[in-house]
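Numbering (the numbering used here), first residue to last: 732 to 1121. Here a beta-carbon is modelled for each residue, glycine too, at the ideal position from N, C-alpha and C. Here the structure is a predicted model, which is why all the values come from computation and not from measurement.
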Amino acid sequence: MISINNSNRKSDDEIDTRISGLFFSCLVALVSFLMITTLIQDSIIKPRLYDGSINELGRYSMTFDGYLHIEENSQNSVIAIGSSKMREAFDGVQIGNEFGGSYDFYNLAVAGDRPYVRMLEIDAIISANPKYVVLEIGPNSFSFLSTPVPESTLSRMGHLSALGNVDLNSYPDSVLNKSDLVMLPSSKYDQEKLIASYSLEAIEDTIEIELFDENPPWSCSGRLANVRCVPLPTNSTFDQYLRYPTQFGNTLEKIKTGAITKWTIEEFYGAKLDQYINGSYHNPEGIMNKNQMSFEYIIDELIKAEIGVILVGLPYNPVLLDRLHWGQWDYYNESVREYSLRDTISVIDMMWDDDWEEVHFNDFTHMSRQGELLFAEKLHGNLSIIMEAN
């Protein structure tokens, strides 16, 4: 005779119900947490990253949003990548006008650009589906970078990895050094944790701005717009900003007119310039190093994606060029010649063109408005030939 204990069955059912209820509660809590986290990121952290409140430059936080905007809004885009030299040279509005609006030209260059850092954006660049990528080539493209990388570079790489949910483990060991990888947020959890670490400072700054009417540290638009600040993707000026970002003031002009009294023009072009041209950033190391391997990785990935690659050598102030030591940039010249031999890429080297004058620059390296206009004219002439050939 079989006996069934109904009280035990009832107890088991109650346990199952409680477990189901607990699981459901945990699921609701998790979803709520993710929603709140996303809300905090979008409404509190991102605005403070963009306006330069909690990081050095808002521009370091906007590139992934920029690529997404281009992907969603342009069918014929040309994206410029490089350092602040490219950012100050590439007026996408002016260049677009030169082409009669047949292409959308976007400027996503950032200060202190290094190929080893910039390669973390390659998947996002490809997803934007540009027709061409204009990639700055210069002495800085081949500059020295230690292993492991310096803290400032590591911080920027971690920041980009977290913002773009970058799969760091997908990069070849020959490109992303293991000594650097182990210090970067490679898991989704670590990336979310890094973004969350900005929360407290972002909340404090937001309270001061929104509740106590404190002004943001920098203005993003208008006459007082500062290069440190970037308009949010939801702002109507974002597309225009991607084409022609906020520019530096003209330091040389201000020194010569007395608006800047910190230096005379002789002092500016004296020891200050000597120190500048002998720093590691504006000089190639002279060997196939981390930056150059990353530079070539970017090129190869773009070619695989059937995106046209155009390397552009940007000029420097001729006063600086005249002060270079004999052979100081030979490695740059040799590299340009080698890249020019590849039939899969195009090279436009403006470095040594003799039509560049001091008036085309606002300091040692960055172009003035006159320089931007000359650059747009010269780039249009060269790009037209390349585009017609393709």
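Test item: CB-CB of residue i and residue j under 9 Å
| i | j | result |
| --- | --- | --- |
| L1051 | Y1007 | yes |
| L1105 | I1079 | no |
| A956 | T982 | no |
| I1041 | T1075 | no |
| H1013 | A820 | no |
| G895 | F795 | yes |
| D911 | P947 | no |
| S808 | Y837 | yes |
| D822 | E1103 | yes |
From the options, residue whose alpha carbon lies closest to that of residue i
| i | options | result |
| --- | --- | --- |
| W1083 | G1112, L1114, V1043 | V1043 |
| P1015 | P870, G823, I776 | P870 |
| I1029 | E787, M817, L851, S952 | L851 |
| Y975 | Y1063, L839, S883 | L839 |
| S874 | Q1101, S1066, S1071 | S1066 |
| S1025 | K777, F999, Y902, S886 | Y902 |
| Y972 | I986, K987, G953 | G953 |
| G813 | E867, Y920, W949, S1099 | E867 |
| I771 | K816, I934, I1038, S1071 | I934 |
| S930 | H1091, K777, D854 | K777 |
| K1109 | I938, E882, P1046 | P1046 |
Residues of its chain near residue i, where Cβ-Cβ distance is below 7 Å and the 5 sequence neighbours each way are ignored
| i | result |
| --- | --- |
| A893 | P916, Q922, L925, I926 |
| N786 | L780, S792 |
| Y1017 | According to the sequence as given, residue 1017 is Gly; it is not Tyr. Correct list, in chain order: Y1062. |
| E932 | I785 |
| P1049 | W1087, E1088, E1089 |
| P964 | D796, H800 |
| L758 | Low confidence applies here, because L758 scores a pLDDT of 47, under 50, leaving its location unreliable; read the following figure in that light. Around L758: no qualifying Cβ. |
Neighbourhood of residue i by C-beta distance below 8 Å, restricted to the same chain and skipping five residues each side
| i | result |
| --- | --- |
| H1111 | I826, E829, F830 |
| S1099 | N981, L983, E984, V1090, H1091, F1092, N1093 |
Close beta carbons around residue i, own chain, < 6 Å, minus the five adjacent residues each side
| i | result |
| --- | --- |
| I1117 | S1077 |
| Y847 | L876, K1021, N1022, S1025 |
| A842 | S815 |
| R790 | V841, V961 |
For the 8 Å Cβ check, are there 3 or more pairs between the segment 799 to 807 and the segment 856 to 864?
yes
Contiguous alpha helix (DSSP H) assignments of at least 4 residues, all confined to the segment 1034 to 1099
1049 to 1052, 1061 to 1071
Kindly provide the ranges of any alpha helix (DSSP H) runs that are 4 or more residues long and lie completely inside the segment 794 to 852, ordered along the chain.
794 to 804, 815 to 820, 823 to 829, 846 to 849
Suppose only complete runs of 4+ residues qualify. What are the alpha helix (DSSP H) ranges in the segment 852 to 905, listed by chain order?
853 to 858, 882 to 894
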